[in-house]
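Read through the structure below, which is laid out as structure tokens, and then see the notes.
Chains as they are written, first to last, in my numbering: chain A, 22 to 448; chain B, 61 to 355.
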């Protein structure tokens, strides 16, 4: 009896060991992403690696961006069992890198990223910390104006607005109202509600058009840069639109969904809207236009953490394979995110979908900005967003520049306090 | 000798339960208390001791004060709706026990309690939608004006109170039904002989006799109200096209401070304050209801 139990226990142990070996050989690679629309792209890349890695098992686990950020924070701080490819914006990855939770990329990957024929210096830099490569650039978020050509024609407008004053004029002409004068179709959809720092990020894009910035860099430090005439111009535009002339209201349908349902005439968004609209509203007549001064550029990179050495090698190979021209062209065509790799011929896609033109054919003096890689960036954006939400809906601010400036000053004080606490407040 | 053996046997038998309780219940509380006095960014190996600094900063933090106010309003609002409604509904269902639909009534009010919160909140998000929602359609059909339910600072809090009450109501009704079924029939028969009508019996007999049940339901409702999170999160979720106003509640603020702002010590201080409030209110509720004849 005892022998039988021992024998069974031995068999079980051997079985478990074999199972472990099989799992290890299977080379599980998990992808944690914050953009569910990229699932098909990653699956294509995985398929293309089946020749080199017959046992590679790529598990794509995308969730919403806000939850993804929480998952990465928890996952990295508590340790990852499987080799995990993390889809992160450079500024977000920075905090994990400085805390040694993401390791440098191997030499081959570093060479690939540092090759100027593969990536421009801007994208190389976002994948590095102190000159060391930690990630592989893949795609970026970049804004442009989307406008409904039928609505512009109906309003007697030719071509897109090119200055911020024209944006206001266009919004007023494009707004459709009911018999009581209440807007039924917004002239220009703005981000006015929701959680997280998105509201502040979108405000920053408009602020940028006025020549302003949310955070001014001074050496290695920062200070709030919006409690001035640029910030006032941007806030005034929002407050007038929402509480003054009411070309948009807080409760109106907004964003890409509203644009696709023809509930708004124009809005500023990233290139993924093109892929999304092709699926959801293929008959919509729309064009895109560059913004008056420049755009936000949020490069997303792939980082690798956890797992065995073999699985990590496979994960890094995956990150490089994700930059193969055929996959990048597929991503641009089918998903709409802008690939970062240089030297790839995207002209076929741009010709077939001319809306991509405003994202790739840019004026020479077009100015990009990105979120700085500082630890409290999320807190700064989230807290500023809370002030903005209240200000947008405050009708007493309409025409009251002094009160609006006070709102900005109070918020800037809070921003500076956060920077000071992080030890990076510029004097 | 035997008694000593029995004693040690009892200790050994109960030890695993105590160990599990200590690990999953006590340790997290103690760890939260400890963290609340440290500064920690979740990633760093260093956790410098800061004493009560996190607590001092919290009481000057507008977002925290907003979250605290909203959470308290939601918790007390949900309790104020749930207690009387569940008691009345339970009374009605109890007096219709012989009806062949009694099972249906019980199930109908209990279903929201077991429905998964996120899809339920998504459904309510559509109901409250300013442009497409059926609630505004009804209001406009009756000649009223459409209301921005999910965008107005006051209305958005009312929506969450409604959602929390909708979910806790079924549980409250179920517990009150058990209470009604255990009330002594003889007392009600005596009251009936003395000429009391149904409403008087309910008000002067059932309500006081159900005080222990009211205590239990109010404690459970209040605690679940203070832990509100998913409702606020989903109603303001950033899905394309129709986000709503973010009603800042304590749990949401804690999560944001922990995993987006990377201020775990600060979030732990919020958790300690939440724990203290819930404990204090529970003690007050016990005191009030026991002191006035509750068992």
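Glycine included, every Cβ here is placed at the ideal spot set by N, Cα and C.
The structure presented is a predicted model; accordingly, all values stated were derived computationally and were not measured.
Status (buried if at least 16 other CB within 10 Å, exposed otherwise) for residue i
i	result
residue 291 of chain B	buried
residue 57 of chain A	exposed
residue 189 of chain A	buried
residue 257 of chain A	buried
residue 213 of chain B	exposed
residue 46 of chain A	Residue placement at residue 46 of chain A is poorly supported in this model, since its pLDDT is 48, which falls under 50; the coordinates still yield a value, given next. Label assigned to residue 46 of chain A: exposed.
residue 375 of chain A	exposed
residue 181 of chain A	buried
residue 147 of chain B	buried
residue 35 of chain A	Here residue 35 of chain A scores only 46 on pLDDT, less than 50, and its place in the model should not be relied on; the value that follows carries that caveat. The residue in question, residue 35 of chain A, is exposed, as its Cβ has fewer than 16 Cβ neighbours within 10 Å.
residue 90 of chain A	buried
residue 75 of chain B	exposed
residue 354 of chain B	Any reading at residue 354 of chain B is ruled out, since the residue's pLDDT is 48, under 50, leaving its predicted position unreliable.
residue 106 of chain A	buried
residue 320 of chain A	buried
residue 156 of chain B	exposed
residue 65 of chain B	exposed
residue 276 of chain A	buried
residue 185 of chain B	buried
C-alpha gap between residue i and residue j, whole angstroms
i	j	result
residue 363 of chain A	residue 139 of chain A	5 Å
residue 228 of chain A	residue 234 of chain A	6 Å
residue 424 of chain A	residue 431 of chain A	11 Å
residue 187 of chain B	residue 218 of chain A	26 Å
residue 96 of chain A	residue 396 of chain A	18 Å
residue 179 of chain B	residue 316 of chain B	22 Å
residue 312 of chain A	residue 206 of chain B	35 Å
residue 385 of chain B	residue 87 of chain B	This structure leaves residue 385 of chain B out entirely; chain B is present only between 61 and 355.
residue 330 of chain A	residue 127 of chain A	11 Å
residue 117 of chain A	residue 197 of chain A	48 Å
residue 346 of chain A	residue 92 of chain B	50 Å
residue 293 of chain B	residue 293 of chain A	25 Å
residue 178 of chain A	residue 285 of chain A	15 Å
residue 262 of chain A	residue 272 of chain A	13 Å
residue 83 of chain A	residue 231 of chain A	36 Å
residue 7 of chain B	residue 202 of chain A	The structure shown does not extend to residue 7 of chain B, since chain B spans only 61 to 355, so no value can be given for it.
residue 236 of chain A	residue 441 of chain A	13 Å
residue 287 of chain B	residue 380 of chain A	44 Å
residue 206 of chain A	residue 270 of chain A	10 Å
Whether residue i touches residue j by CB criterion (8 Å)
i	j	result
residue 135 of chain B	residue 282 of chain B	yes
residue 79 of chain A	residue 53 of chain A	no
residue 128 of chain B	residue 310 of chain B	yes
residue 121 of chain A	residue 332 of chain A	no
residue 275 of chain B	residue 220 of chain B	no
residue 108 of chain A	residue 72 of chain A	no
residue 152 of chain B	residue 232 of chain B	no
residue 361 of chain A	residue 154 of chain A	no
residue 365 of chain A	residue 349 of chain A	yes
DSSP three-state assignment for residue i, whether helix, strand or coil
i	result
residue 198 of chain A	strand
residue 80 of chain B	helix
residue 103 of chain A	coil
residue 82 of chain A	strand
residue 366 of chain A	coil
residue 36 of chain A	Residue placement at residue 36 of chain A is poorly supported in this model, since its pLDDT is 47, which falls under 50; the coordinates still yield a value, given next. In this structure, residue 36 of chain A counts as helix in the three-state DSSP scheme.
residue 349 of chain B	helix
residue 430 of chain A	helix
residue 395 of chain A	coil
residue 323 of chain A	strand
residue 49 of chain A	strand
residue 375 of chain A	helix
residue 317 of chain A	strand
residue 339 of chain B	helix
residue 450 of chain A	Residue 450 of chain A falls outside the range modelled here, since chain A spans only 22 to 448, and no answer is possible.
residue 108 of chain A	strand
residue 56 of chain A	coil
Neighbouring residues, chain E, relative to residue i (Cβ below 7 Å)
i	result
residue 104 of chain B	Structure shown: chain E not included; protein chains present are A and B.
Check your understanding: Whole beta strand (DSSP E) runs in the stretch 114-175 of chain A with 3 or more residues, listed along the chain?
Key -> 157-169
Check your understanding: Counting only runs that start and end within the stretch 296-337 of chain B, where is the alpha helix (DSSP H) found for 4 or more residues in a row?
Key -> 310-319
Point to revise | Runs of alpha helix (DSSP H) wholly within the stretch 174-234 of chain B (minimum 4 residues, chain order) | key: 177-188, 194-201
Exercise for review: List in chain order: all unbroken beta strand (DSSP E) runs of 3+ residues lying wholly within the stretch 174-256 of chain A.
Suggested key: 204-206, 236-239, 242-245
Point to revise | Secondary structure, beta strand (DSSP E): runs of 3+ residues fully inside the stretch 83-162 of chain B | key: none
**Study point:** 4 or more residues per run - each alpha helix (DSSP H) lying fully within the stretch 246-286 of chain B
**Key:** 258-261, 271-286
Practice item. Counting only runs of 4+ residues fully inside the stretch 256-306 of chain A, write out the alpha helix (DSSP H) ranges in chain order. Key: 276-281, 293-301
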